[in-house]
Amino acid sequence: MATERYNPRASEPKWQKAWAEKKLFEARNDDPKPKYYVLEMFPYPSGRIHIGHTRNYTMGDVVARYKRAKGFNVLHPMGWDAFGMPAENAAMQNKVHPKEWTYQNIATMREQLKVMGLSLDWAREFATCDVDYYHRQQMLFLDFVEKGLVTRKSSKVNWDPEDMTVLANEQVIDGRGWRSGALVEQRELTQWFFKITDYAQDLLDSLDGLDEWPEKVKLMQQNWIGRSEGLLIRWPLASDVAGEHELEVYTTRPDTIFGASFMAVAADHPLAKKAAETNPELAKFIDEVRHMGTSVAALETAEKKGFDTGIRVVHPFDDSWTLPVYVANFVLMEYGTGAIFGCPSGDQRDLDFANKYGLPVIPVVMPEGGDAKSFQITEEAYVDDGVMINSRFLDGMKPDRAFDEVAKLLEQKTIGNRPMAERKVNFRLRDWGISRQRYWGCPIPMIHCEDCGVVPVPKADLPVKLPDDVDFDRPGNPLDRHPTWRHVKCPQCGKDARRETDTMDTFVDSSWYFARFTAPWAHEPTDPRAANEWLPVDQYIGGIEHAILHLLYSRFFTRAMRATGHLDLAEPFKGLFTQGMVVHETYRVGGASNNGRWLSPAEVRIEDAEGKRRAIEIATGEEAAIGSLEKMSKSKKNTVSPEDITDGYGADTARWLMLSDSPPEGDVEWTDDGAAGAHRFMQRIWRLVSTAAETLAGVKPATADAGEAGAVSKATHKILKAVGEDIEKLGFNRAIARIYELANVLTTPLNQVAEGKADPALQGACREAVEILVHLIAPVMPHLAEECWETLGGTDLVAERPWPVFDPALVVDNQVTYPVQVNGKKRGDLTIARDADQGAVEKAVLALDFVQKALEGKAPRKVIIVPQRIVNVVA
RNA sequence: GCGGGCGUGGUGAAAUUGGUAUACACACCGGACUUAAAAUCCGGAGGCUUCGGCCAUGCGGGUUCAAGUCCCGCCGCCCGCACCA
Numbered sequence: 001m002a003t004e005r006y007n008p009r010a011s012e013p014k015w016q017k018a019w020a021e022k023k024l025f026e027a028r029n030d031d032p033k034p035k036y037y038v039l040e041m042f043p044y045p046s047g048r049i050h051i052g053h054t055r056n057y058t059m060g061d062v063v064a065r066y067k068r069a070k071g072f073n074v075l076h077p078m079g080w081d082a083f084g085m086p087a088e089n090a091a092m093q094n095k096v097h098p099k100e101w102t103y104q105n106i107a108t109m110r111e112q113l114k115v116m117g118l119s120l121d122w123a124r125e126f127a128t129c130d131v132d133y134y135h136r137q138q139m140l141f142l143d144f145v146e147k148g149l150v151t152r153k154s155s156k157v158n159w160d161p162e163d164m165t166v167l168a169n170e171q172v173i174d175g176r177g178w179r180s181g182a183l184v185e186q187r188e189l190t191q192w193f194f195k196i197t198d199y200a201q202d203l204l205d206s207l208d209g210l211d212e213w214p215e216k217v218k219l220m221q222q223n224w225i226g227r228s229e230g231l232l233i234r235w236p237l238a239s240d241v242a243g244e245h246e247l248e249v250y251t252t253r254p255d256t257i258f259g260a261s262f263m264a265v266a267a268d269h270p271l272a273k274k275a276a277e278t279n280p281e282l283a284k285f286i287d288e289v290r291h292m293g294t295s296v297a298a299l300e301t302a303e304k305k306g307f308d309t310g311i312r313v314v315h316p317f318d319d320s321w322t323l324p325v326y327v328a329n330f331v332l333m334e335y336g337t338g339a340i341f342g343c344p345s346g347d348q349r350d351l352d353f354a355n356k357y358g359l360p361v362i363p364v365v366m367p368e369g370g371d372a373k374s375f376q377i378t379e380e381a382y383v384d385d386g387v388m389i390n391s392r393f394l395d396g397m398k399p400d401r402a403f404d405e406v407a408k409l410l411e412q413k414t415i416g417n418r419p420m421a422e423r424k425v426n427f428r429l430r431d432w433g434i435s436r437q438r439y440w441g442c443p444i445p446m447i448h449c450e451d452c453g454v455v456p457v458p459k460a461d462l463p464v465k466l467p468d469d470v471d472f473d474r475p476g477n478p479l480d481r482h483p484t485w486r487h488v489k490c491p492q493c494g495k496d497a498r499r500e501t502d503t504m505d506t507f508v509d510s511s512w513y514f515a516r517f518t519a520p521w522a523h524e525p526t527d528p529r530a531a532n533e534w535l536p537v538d539q540y541i542g543g544i545e546h547a548i549l550h551l552l553y554s555r556f557f558t559r560a561m562r563a564t565g566h567l568d569l570a571e572p573f574k575g576l577f578t579q580g581m582v583v584h585e586t587y588r589v590g591g592a593s594n595n596g597r598w599l600s601p602a603e604v605r606i607e608d609a610e611g612k613r614r615a616i617e618i619a620t621g622e623e624a625a626i627g628s629l630e631k632m633s634k635s636k637k638n639t640v641s642p643e644d645i646t647d648g649y650g651a652d653t654a655r656w657l658m659l660s661d662s663p664p665e666g667d668v669e670w671t672d673d674g675a676a677g678a679h680r681f682m683q684r685i686w687r688l689v690s691t692a693a694e695t696l697a698g699v700k701p702a703t704a705d706a707g708e709a710g711a712v713s714k715a716t717h718k719i720l721k722a723v724g725e726d727i728e729k730l731g732f733n734r735a736i737a738r739i740y741e742l743a744n745v746l747t748t749p750l751n752q753v754a755e756g757k758a759d760p761a762l763q764g765a766c767r768e769a770v771e772i773l774v775h776l777i778a779p780v781m782p783h784l785a786e787e788c789w790e791t792l793g794g795t796d797l798v799a800e801r802p803w804p805v806f807d808p809a810l811v812v813d814n815q816v817t818y819p820v821q822v823n824g825k826k827r828g829d830l831t832i833a834r835d836a837d838q839g840a841v842e843k844a845v846l847a848l849d850f851v852q853k854a855l856e857g858k859a860p861r862k863v864i865i866v867p868q869r870i871v872n873v874v875a
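1 is the number of the first residue of the first sequence in this note's numbering; add one for each residue after it.
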């Protein structure tokens, strides 16, 4: 009888080797089985695997192993999102080449992932910094250029003058560069853009069809795309300004046009610039606005300020009505036309502005049933639905009718030789600027020639390889000061020309890697046949932090790849799942204030004193404040590395812990107790199986339908069904609870078997139950499952075996126990044959003691019988 | 400001989507085994109770035979976007 403890450190490598030798996880593109593509967002090789990765990849692996057992040809690949700034920062700080740093990290992290026993197809592995990969990305770029999906235009960027690079908005913290701390400047730079806005409407509409995506993510994308329907109105200028005779304004509320009391334009608006030429005070104001901070805090607290340009416009419906044009600091050049008309009564911001500058406030919408004569707006704008007032021919209409009326009338009027108004759909979504003044990224394959302009690198000359001989002793882009790399002949005229030295945003790399996995050996970016066969990804799993950018870019890229013939679908991810974070409580000595000192979990000892948990710093004996659960971060030192579990308890324990207790979309707390508990359960399974294994050796699995054995079979098949359903729905925590339940149910019978006290029927049922148990734990604890299977005499691997099939006859009971309520409160139970008709159930219920007592001899008012559920007697 | 979500034991959480509230786990308590401890196994447990019951899913109301679940109003927490016209 095997009674030793299960030793994961010995077993896990053994089974990993066995799987690898049989190449069980290598997907073949010509496999006739139905396909299933499961993918976890690939990691950035920062140095070490984080516990969050462990959770993410465990979830994907459970799905992959389950689907494989269900008979699918499963593609479950892994790669590395390997370009990006941290490699360059490391180069600057530690004098190590970004390439060396990156590949070193990849090597480390690959080994860490292998310890996890993930069923990954390592044959398809690649890193986005492989020349082989970015070569294909450059091919795609050129195809996009040819298709008109790429433009080059000037745009405002956050410029870090110290690091001499463009920063993304999220890299600007309180107006300063996140790394250098230098004050960020706004600069106009000519940049490369992908024309994602061409697909704005399609990207919005297609969200509807993504019914396996979280509503939350779809909503976030919808808001990000930000579609609005409005009217473009051309207001005549009272007198021409430097040849201009109109001001174009975009509005979603043309119905409020009679409430207009001023116009406001952005500081960068052409009209503002022209007016400033002759007005030094205005020029000064515009300059001030430009230098205002762009940080969230600055915007929130910034006072609404304006400056009257002296320019006047004429109201489209009243030649005698003129309105002043202000330059205002809250109007954005990037949205609409960079100009608005202000209707103070219907917009809080406009109202504040009007009150500040003494502009008229005319209420134009009032609540239905209100009194038009007395209705006034002073401090709070009225933004709800209602009826039009003070609006001449619009009076009495609802705002949406007034909208149409104004649109209809102004469309017919003309200004210059254009209509005075046009209906226009506006999007918040901007084109995707991909230029980065960095070294460690995919070079943009373009050449600047003085005579020919911007010329694409001929495909035959690809790849444009990053030069290795670069130095990072100075800030800025090393490609810009490389002695030879940037000098090149113009492919068109042959004259000396200059390479584009910008590289692509790393989001480009991650926007098509899922397609590359389908045929990573292909010479073209994709093998369209393979891509169309495997895609869309059936189940994509990753963090919510990518809900907008990565997922939106990938959706755009798939469309662009379709337009250029690389694949033939629009939506890359059929099912999306966003998993929660791994959190841990924090410890801090020296008070909760800012001067406190954070401690790592390893530095504290938890004591239980009179029911209260206390954390004591081991080194000093000082008590530390226990802080809330927070995302693991280096600054708060509440990180736990996967090795903390795998070194002691093994990969299966780590995998089990990551999926236990908490729903996968929510945060999971890492606790020592949890890890110990998961490990205890693993040992318990091993003990259950291994102690019974000898007695069960010659026993044939059999399903029993009666007696003690029948109860075992019944419970086992019910749980088998439930676990399958839970995994399909990614309800891993529920699946695990069911498995605990099965272990609890089997404990007594299996002990009987081990003690030789079981009859043949119970032995057969137990044999079957144990086999099912082993298959049920296999997706989560694959190594233990193999060890158990071997102990039971299995000659093949669980990893290559099919998922067990439950017997439908066993999951329904012949007898049903109805809870019986009287007036909605449970008073007892009724056990009756499953197929008893309503009449029989009612008769039996009314005969029950407690029901008779409650009815006091009277007839019930009503008896509600919900078949297979509940009975309620209304007295 | 706009949009969305959440609130259930000491703790993480279940609840077939309107049908027995608290499955499963952690922690806790008791028992067995042990010289002892660990490990393991068995058992207990929402609160109050006059032992008939009564009260409990953030608070208050409503719909319903029946509400954690649906509706209305509060309170609290979390997330996303944000000067978007």
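Backbone N, C-alpha and C fix where the C-beta goes; we use that ideal spot for every residue, glycine too. Fair warning: this is a prediction, and the values are worked out from it, not measured in the lab.
Check your understanding: Excluding the five sequence neighbours on either side, which residues of its own chain have a C-beta within less than 6 Å of the C-beta of Trp321, listed in chain order?
Key -> His315
Point to revise | Residues sharing a beta bridge with Ala581, DSSP | key: Reading the sequence as shown, one finds Met at residue 581 and not Ala. Paired residue(s): none; Met581 is not in a bridge.
Review point. Pairing CB atoms from the segment 432-441 with CB atoms from the segment 190-206, are three or more of them under 8 Å?
Key: yes
Review point. Apart from the five residues on each side of it in sequence, which residues of its chain come closer than 6 Å, Cβ to Cβ, to Glu665?
Key: Gly580
**Study point:** Residues near Gln186 by beta carbon distance below 6 Å, same chain, minus five either side
**Key:** Lys156
Review point. Counting along the chain, where does the beta strand (DSSP E) carrying Thr165 start and finish?
Key: Thr165 to Leu167
Exercise for review: Note down the Cα distance separating Ser554 from Gly621, rounded to an integer number of angstroms.
Suggested key: 52 Å
**Study point:** Pairwise C-alpha distance: Ala651 and Glu125
**Key:** 22 Å
Practice item. Determine contact between the segment 115-130 and the segment 509-522, defined as no fewer than three beta-carbon pairs at a distance below 8 Å. Key: yes
Check your understanding: Does the segment 26-46 touch the segment 539-552, meaning 3 or more C-beta pairs lie closer than 8 Å?
Key -> yes
Point to revise | Delimiting residues of the beta strand (DSSP E) encompassing Leu762 | key: Run containing Leu762: none in the beta strand (DSSP E); it sits in the alpha helix (DSSP H), Pro760 to Ile777.
Exercise for review: Compute the Euclidean distance between the alpha carbons of Leu203 and Ala560, then round it to the nearest angstrom.
Suggested key: 12 Å
Point to revise | Candidates Gly416, Phe427 and Glu533: closest to Asp240 by CA position | key: Gly416
Exercise for review: Using three-state DSSP, classify Lys156 as helix, strand or coil.
Suggested key: strand
Point to revise | Reduced DSSP secondary structure (H/G/I, E/B, other) of Ala875 | key: coil
Review point. Where in the segment 71-151 do unbroken runs of the beta strand (DSSP E), each at least 3 residues long, occur, reported from the N-terminal end onward?
Key: 73-75
**Study point:** Backbone CA spacing between Trp101 and Leu750 [nearest angstrom]
**Key:** 53 Å
Review point. Roughly how many whole angstroms lie between the Cα atoms of Lys631 and Asp667?
Key: 9 Å
Review point. Can you tell me the Cα-Cα spacing of Asp385 and Ala402, whole angstroms?
Key: 12 Å
Exercise for review: Indicate the three-state DSSP secondary structure (helix, strand or coil) for Ser295 in the structure shown.
Suggested key: Because Ser295 carries a pLDDT of 42, less than 50, the predicted location of this residue cannot be relied on, and the following value inherits that uncertainty. Ser295 falls in the coil class under three-state DSSP.
Review point. Helix, strand or coil for Asn814 per DSSP?
Key: coil
Practice item. Kindly indicate which three-state DSSP category Asn426 falls into: helix, strand or coil? Key: strand
Practice item. Less than 8 Å between the CB atoms is what I'm expecting for Gln821 and Ile865, so what's the real figure, rounded? Key: Gln821 to Ile865, Cβ: 11 Å. No contact.
Exercise for review: Classify Thr378 as buried or exposed, calling it buried when 16 or more other Cβ atoms lie within 10 Å of its own Cβ.
Suggested key: exposed
**Study point:** Distance, Ile548 Cα to Val296 Cα
**Key:** Annotation note: pLDDT 41 at Val296 (below 50); position unreliable, coordinate value reported separately. Going from the Cα of Val296 to the Cα of Ile548 covers about 19 Å.
Review point. From Trp440 to Lys35, what does the alpha carbon distance come to, in whole angstroms?
Key: 36 Å
Check your understanding: Can at least three beta-carbon pairs, one atom from the segment 747-763 and one from the segment 702-713, be found at a separation below 8 Å?
Key -> yes
Review point. Considering only C-alpha positions, which residue in the set Ala381, Phe353 and Gly358 is nearest to Val365?
Key: Ala381
**Study point:** Nearest neighbour of Asn329, chosen from Ala264, Leu351, Arg498 and Asp352 [CA to CA]
**Key:** Ala264
Exercise for review: Please name the residue, chosen from Gly648, Arg684 and Lys700, that lies closest to Glu768 on a Cα-to-Cα basis.
Suggested key: Lys700
Check your understanding: Once you ignore the five residues that flank Trp224 on each side, which residues in its own chain have a CB closer than 8 Å to its CB?
Key -> Arg428, Leu429, Ile548 and Leu552
Exercise for review: State whether the segment 775-786 contacts the segment 634-654, with contact taken as three or more CB pairs (one from each stretch) at a distance under 8 Å.
Suggested key: yes
Point to revise | Distance between beta carbons of Thr501 and Asn532, contact taken as under 8 Å | key: The Cβ separation is near 36 Å, so there is no contact.
Point to revise | Own chain partners of Glu524 with C-beta closer than 8 Å, once the 5 adjacent residues on each side are dropped | key: Arg136, Met139 and His566
**Study point:** First through last residue of the beta strand (DSSP E) which encompasses Glu248
**Key:** Glu244 to Thr251
**Study point:** Assigned secondary structure, Cys449 (DSSP; H/G/I helix, E/B strand, else coil)
**Key:** strand
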